[in-house]
Ligand SMILES: Nc1ncnc2c1ncn2[C@@H]1O[C@H](COP(=O)(O)OP(=O)(O)OP(=O)(O)O)[C@@H](O)[C@H]1O
Ligand SMILES: [Mg+2]
């Protein structure tokens, strides 16, 4: 990868709080103009990593570079990155306009220029009419946009966003996602976006880093993460999946032959590091389909959930392994409880994990 | 069982009745009467005694004026204040036959100018107001008020004066040879100039701290009441009380029967009690002034009886502070305010 | 703070408007009887004729205010000029109180900040430690400060023992001693409201400021101070007002050499002067000054809040 295109380079960063280690040697690159998401369950270290980049926390070990320059020793106020805080942290005693112009004034802009720029950014976030209000007089969504405008105004090299949408209700959240993505594209600033909402991550991001317990599990495009999870954690965390216990017979060149429960042997893509012997095969529910033929596995239907366009079946393999199958609802009959179904596993869409 | 209950109930009633037998409310100077004496009276006459204190004659007057008259039975005003209070109609009168010990009052204190014939008051203690000097800080002659009003180098900035205009301005008048309550312009201007000129040499104004500053050494010279000075000496202050050749203030505090006293009988009992030589002596032993009662000598502690403060030289001159008429008093007030502005 | 639910304010104030007056009735009665009535009484007294040696005659006059503002000479027969005596006493008291407020703020703010930023578990211990001396009567505290500062007191003896000074410093009976006394008397009145404000302060605001290129001092000036300003203002008022009327510290530590507003007024009621209307007038003028300052501040505050 071309060094020049890298906005933030996180290099083996370790962060300890006393005896708690929040980050265990995290390494990742964030490219210029990229929408990069840190995704993971609560407590996995997303916020900690973001705060290390912003400069609110000192790293215990490792290094953070911004466009190749080591910024690890710089205090927060000297780093050309800005943050949108989870609770917005707007200055309550200042008007919206003053909030947005705040960073500009600190960077030596004249009052007049700062106001001009602030108004421009307010227009971008569609808050022109609210310039003279105090933050307390705005709705949650409006406050969120002020926070965004305030962080965008000084044209930071990187914008850090810590779950900026979590305080909004679902409808608003979906609308703001689109807006946010659009603004990111227009400004061309690299966004580092923290969320524990996988749908948010999948729909908005250029690339995602999936974290757990202070480790980065996988970095990739949404599609790579979804379709080619490297291990059980990622497969399980992203979307819904079936983890079948299989016997791996051969692994070669990114592919493997595995014996499914029940004995059927199929040829599947394999993650790096997959080995022969007992292993786990990840198959998404929509990649398992009832068939009239013999099928690769047979299962007994336990229950179903009607989801509108889809029906989700909960079934059990003969050895008792639970299985989720998703089938289109149009036309098909819903199999009754106790029905034995022959199912096809779409070998090309299954994936042998590295565990 | 029942009998027991009734008996104890009866005992209780009796006890309360005993406690409520009588009350006495005294309005007194601070640190001026030994608690044991109050206890003795309370026990002897079966009276509940309560006491509040004040720190200047004027404060006493103000409090009574502000509506406390009718709450206290007796108060202890100084000489000129007796006259003021009598003029204000704040005092009740009694006859000598209401007070068996009336005859114990020393002859010279019966027909006093502020209460001729003692119709409302009895003597409490009398003494003088002058000043004391720390003999370790100053070893010159101790005979003149100039030590306060035109002090030598050693005493400058180490002098405490009493924080009451009456006493301080009267001593200043004595030093300047100006009569009290004068309305003569030149004399008042001279008085004003005298205290203004002396003020830079004064470290502090304070009455209740007058003893403390001498004991602690904060002040090397200080205006003080005679008994207070004796107490300061007893507490280790290396001081000598001065009888200035220009004169000093003599005063007498008196127990006064207040108008509308809620417990007039007990008040008279208390006044009679204080005329008992042994009890008058107890006050003197405590406060270290002089009682105006005959027969106290045998009850006095020797160091009190012989204290230099209470035994002025034969040629010592003393004057009572006079209560000035209103037109004159405002002039003295103006000088005082001017001094402290 | 910033995240407060919008509209919450509106509905809350409606509640107040609705049933407020009825619920507040006891408070209004209390304020009326115990605060307003004395003030009215004092205002009335200030326009009455003085009675010699205390008390009033029920005859209307401006004499007290005349005495306060106009100088007619010692004997009252010179053409009136402005009377500087009492204005001077007022000015000295205001200056003294202002200075005490300043020092209380200077020390009180960092103290409050320190306490408010301790872990919750130790905060109450710190607060307790700060308030311990104040369980003791003010008079006793002031006297003990006198013991501490006097020429033969522990402070001077310690300094002489260490050899920093050869002769005792004359601390007692100086303005310095008065300042120390006022400072010591009223420090908690500064610390506690600021503590309350800092405790409510959202420290994410400091991070936001740092994020937007503020160093610590700029953060303090532009973000923290405005956010805790209500606490600071409350603290300043709570220190300034009693300092203005204080007489214990000026008397015991300053040597009572000059009148302060408090002792001037006290003298009118308890001293030889016994001029009650003048005391009442001086108190009214003081009250007017203090109210004026507070009103101006309240106005400015209201304008600021829109
Ligand atoms: N100041 C701190 N002191 C001690 N431990 C901390 C501190 N801050 C975070 N941690 C710990 O570090 C770990 C990572 O915390 P972090 O806030 O980064 O999680 P997160 O991924 O942002 O979670 P969430 O989605 O809930 O916000 C957690 O175990 C947390 O308890
Ligand atoms: Mg977080």
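Chains as they are written, first to last, in the numbering used here: chain Y, 208 to 562; chain H, 1347 to 1687; chain F, 2 to 307.
Just so you know, even glycine gets a beta-carbon here, dropped at the ideal spot from N, CA and C.
Check: CB of residue 253 (chain Y) to nearest heavy atom of ligand 1: below 7 Å?
Finding: Within the cutoff, so yes.
Check: Cα separation between residue 146 (chain F) and residue 254 (chain F)?
Finding: In this model, residue 146 (chain F) and residue 254 (chain F) are separated by some 8 Å (Cα to Cα).
Margin query: Is it buried or exposed, residue 157 (chain F), if we count other Cβ atoms within 10 angstroms and call 16 or more buried?
Written below: Burial call: buried.
Next item on the list: Verify the CB distance criterion: does residue 215 (chain F) have a CB-CB separation below 8 Å to chain Y?
Entry: Cβ-Cβ to chain Y under 8 Å: yes for residue 215 (chain F).
Next item on the list: Go to residue 113 (chain F), then tell me how far its alpha helix (DSSP H) extends in each direction, as first and last residue.
Entry: It spans 85-117 - the alpha helix (DSSP H) in which residue 113 (chain F) sits, taken as one unbroken run.
Item checked: Beta-carbon proximity list for residue 546 (chain Y), same chain, < 6 Å, skipping 5 on both sides -> If we look at residue 546 (chain Y) and ignore the five residues flanking it on each side, its Cβ neighbours are 508.
Notebook entry, point to check: Within 7 Å: the Cβ of residue 370 (chain Y) and any heavy atom of ligand 2?
Noted result: True, at least one ligand heavy atom lies under 7 Å from that Cβ.
Check: For the putative contact between residue 1577 (chain H) and residue 1526 (chain H), defined by C-beta atoms under 8 Å, what is the C-beta separation to the nearest angstrom?
Finding: Residue 1577 (chain H) to residue 1526 (chain H), Cβ: 28 Å. No contact.
Notebook entry, point to check: Could one say the Cβ of residue 221 (chain F) lies closer than 8 Å to chain Y's Cβ atoms, at least one of them?
Noted result: Not one chain Y Cβ lies under 8 Å of residue 221 (chain F).
Next item on the list: Compare the C-beta of residue 7 (chain F) with all C-beta atoms of chain Y and state if any pair is closer than 8 Å.
Entry: Low confidence applies here, because residue 7 (chain F) scores a pLDDT of 40, under 50, leaving its location unreliable and the question unanswered by this model.
Checklist line | Beta-carbon proximity of residue 1567 (chain H) to residue 1477 (chain H), cut-off 8 Å | finding: Their beta carbons are under 8 Å apart, which means residue 1567 (chain H) touches residue 1477 (chain H) by this criterion.
Notebook entry, point to check: Checking contacts by CB at 8 Å: is residue 218 (chain F) closer than that to chain Y?
Noted result: At a cut-off of 8 Å between beta carbons, residue 218 (chain F) makes no contact with chain Y.
Check: Given that residue 314 (chain Y) touches chain F, what residues does it touch there, using C-beta distances under 7 Å?
Finding: Those within 7 Å of residue 314 (chain Y) in chain F are 214.
Next item on the list: Could you tell me which residues DSSP puts in a beta bridge with residue 286 (chain F)?
Entry: DSSP links residue 286 (chain F) through a beta bridge to no other residue.
Next item on the list: Report buried or exposed for residue 292 (chain F), applying the criterion of at least 16 other Cβ atoms within 10 angstroms of its Cβ.
Entry: Residue 292 (chain F) comes out exposed.
Next item on the list: Write down every uninterrupted run of the alpha helix (DSSP H) in the stretch 243-297 of chain Y whose length is 4 residues or greater and which is fully enclosed by it, in chain order.
Entry: If only uninterrupted alpha helix (DSSP H) runs of at least 4 residues are considered, those enclosed by the stretch 243-297 of chain Y are 253-261.
Next item on the list: Enumerate in chain order the residues of its own chain whose CB-to-CB distance from residue 466 (chain Y) is below 7 Å, with the five nearest sequence positions on each side excluded.
Entry: Excluding five sequence positions before and after residue 466 (chain Y), the CB atoms of its chain that fall closer than 7 Å to its own CB belong to 453, 454, 456, 472, given in chain order.
Checklist line | Assigned exposure category for residue 253 (chain Y) - 16 Cβ within 10 Å defines buried | finding: Buried, by the Cβ-count rule.
Notebook entry, point to check: Between residue 215 (chain F) and the rest of its own chain, which residues show a CB-CB distance below 8 Å, the 5 nearest in sequence each way excluded?
Noted result: 223, 224.
Notebook entry, point to check: Roughly how many angstroms separate the alpha carbons of residue 125 (chain F) and residue 194 (chain F), rounded to a whole number?
Noted result: Near 14 Å, if we compare the C-alpha coordinates of residue 194 (chain F) and residue 125 (chain F).
Next item on the list: Would you decide whether residue 298 (chain F) is buried or exposed? Buried here means 16 or more other CB atoms lie within 10 Å of its CB.
Entry: Exposed is the call here.
Note to self: Taking the straight line between their C-alpha atoms, what separation do you get for residue 1686 (chain H) and residue 211 (chain F)?
What the structure shows: Looking at the two C-alpha atoms, the distance is approximately 54 Å.
Checklist line | Secondary structure of residue 316 (chain Y), DSSP reduced to three states | finding: In the three-state reduction of the DSSP assignment, residue 316 (chain Y) falls in the coil class, being assigned neither a helical nor a strand state.
Check: Would a C-beta distance cut-off of 8 Å place residue 1370 (chain H) and residue 1443 (chain H) closer than the cut-off?
Finding: Cβ distance not < 8 Å, so residue 1370 (chain H) and residue 1443 (chain H) don't count as in contact.
Next item on the list: Provide the residue span of the beta strand (DSSP E) that contains residue 1473 (chain H), from first to last.
Entry: Per DSSP, residue 1473 (chain H) belongs to the beta strand (DSSP E) from 1467-1480.
Note to self: Given this structure, state the Cα-to-Cα distance separating residue 1571 (chain H) from residue 1555 (chain H), to the nearest angstrom.
What the structure shows: Rounded to whole angstroms, residue 1571 (chain H) and residue 1555 (chain H) show a C-alpha spacing of 12 Å.
Check: Do residue 1451 (chain H) and residue 1541 (chain H) have their C-beta atoms closer together than 8 Å?
Finding: Not in contact: residue 1451 (chain H) and residue 1541 (chain H) (Cβ atoms no closer than 8 Å).
Next item on the list: Going by CA-CA distance only, name the one from F:220, F:237, F:209 that's closest to residue 293 (chain Y).
Entry: Distances from the CA of residue 293 (chain Y) to each of F:220, F:237, F:209 were compared; the closest alpha carbon is that of F:209.
Notebook entry, point to check: Closer than 8 Å, CB to CB, is residue 1568 (chain H) near chain F or not?
Noted result: No, residue 1568 (chain H) does not count as interfacial toward chain F.
Margin query: Tell me which residues of the stretch 133-151 of chain F have at least one Cβ-Cβ distance to chain H shorter than 7 Å, keeping chain order.
Written below: Under the 7 Å Cβ criterion, the stretch 133-151 of chain F contributes 151.
Note to self: To the nearest angstrom, how far is the alpha carbon of residue 208 (chain Y) from that of residue 217 (chain Y)?
What the structure shows: Here the model assigns residue 208 (chain Y) a pLDDT of 47, short of 50, so the residue's position is not dependable, and the following value carries that caveat. Approximately 15 Å, taken between the alpha carbons.
Note to self: Which residues in chain Y have a C-beta closer than 7 Å to the C-beta of residue 231 (chain F)? List them in chain order.
What the structure shows: Contacts between residue 231 (chain F) and chain Y, judged by CB atoms closer than 7 Å, are missing: the closest CB pair is about 10 Å apart.
Checklist line | For residue 400 (chain Y), the residue or residues it bridges with in DSSP | finding: Paired residue(s): Y:244, Y:368.
Check: On the three-state DSSP scale, how would you describe residue 1431 (chain H)?
Finding: In the three-state scheme derived from DSSP, where H, G and I count as helix and E and B as strand, residue 1431 (chain H) is classed as helix.
Next item on the list: Kindly indicate which three-state DSSP category residue 26 (chain F) falls into: helix, strand or coil?
Entry: Looking at residue 26 (chain F) - three-state DSSP - the assignment turns out to be helix.
Checklist line | Span of the beta strand (DSSP E), counted from its first residue to its last, around residue 519 (chain Y) | finding: Residues 517-524.
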